[in-house]
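A.B. asks: Please read through the structure below; I'll follow up with questions.
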Amino acid sequence: MPLVNITIEKNKVQNYSYHFSEEKINYLLKFIKAIAVEDEKPEMSLMDEIEAGLDDVKKIRSGEVPRKSLKDIINVKRGNYKML
């Protein structure tokens with residue numbers, strides 16, 4: 242699996258290294274691109290969107306929602322996201 246290095250430079254430099262599959266790297270890049278767009282003013286704050294998405298994933302993993310919905314949630318474009 243490819244190695245992903247993340248460096249955060251704030252008050253001090255923090256380095257993180259992870260091994261991810263190609264699929265997870267693609268999702269990570271999509272996520273980074275989505276949060277990097279600052280031109281849009283969404284109805285929900287970014288943290289609210291992330292928390293709502295995580296709640297949906299928990300529902301899927303617990304069996305409350307069909308598992309096939311996970312890929313649909315991940316692949317929807319910003320603005321078309323529907324809460325479960």
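With our numbering, the residue at position 46 of the sequence shown is 287, and numbering never jumps. The beta carbon of each residue, even a glycine, is placed where N, CA and C say it ideally should be. Bear in mind the structure is a predicted one, so any value in this text is a computation, not a measurement.
1) Classify Lys318 as helix, strand or coil using the three-state DSSP reduction.
2) Is it right to say Asp297 is buried, meaning 16 or more other beta carbons lie within 10 angstroms of its own, or is it exposed?
3) Sorted by chain position, which residues of the same chain lie with C-beta nearer than 7 angstroms to Glu326's C-beta, five sequence neighbours on each side aside?
4) So, with DSSP's three-state summary, where would you put Glu250?
5) How many Å lie between Leu287 and Ile301 at the Cα?
6) Since Ser303 is in the alpha helix (DSSP H), which residue starts that stretch and which ends it?
7) What are the boundary residues of the alpha helix (DSSP H) that Phe261 is part of?
8) What's the C-alpha gap between Thr248 and Ala293?
C.D. replies: Taking the coordinates as given:
1) Legend: pLDDT at Lys318 = 46, less than 50; position of this residue unreliable, value from coordinates given subsequently. Correct three-state label for Lys318: coil.
2) Buried.
3) Nothing can be reported for residue 326, as the shown portion of the chain is limited to 242 through 325.
4) Taken through DSSP and simplified to helix, strand or coil, Glu250 comes out as strand.
5) If I take the Cα positions, the gap works out to 21 angstroms.
6) Note, Ser303: alpha helix (DSSP H), Leu287 to Ser303.
7) Here Phe261 belongs to no alpha helix (DSSP H), and DSSP marks it neither H nor E.
8) The straight-line gap from Cα to Cα measures roughly 27 angstroms.
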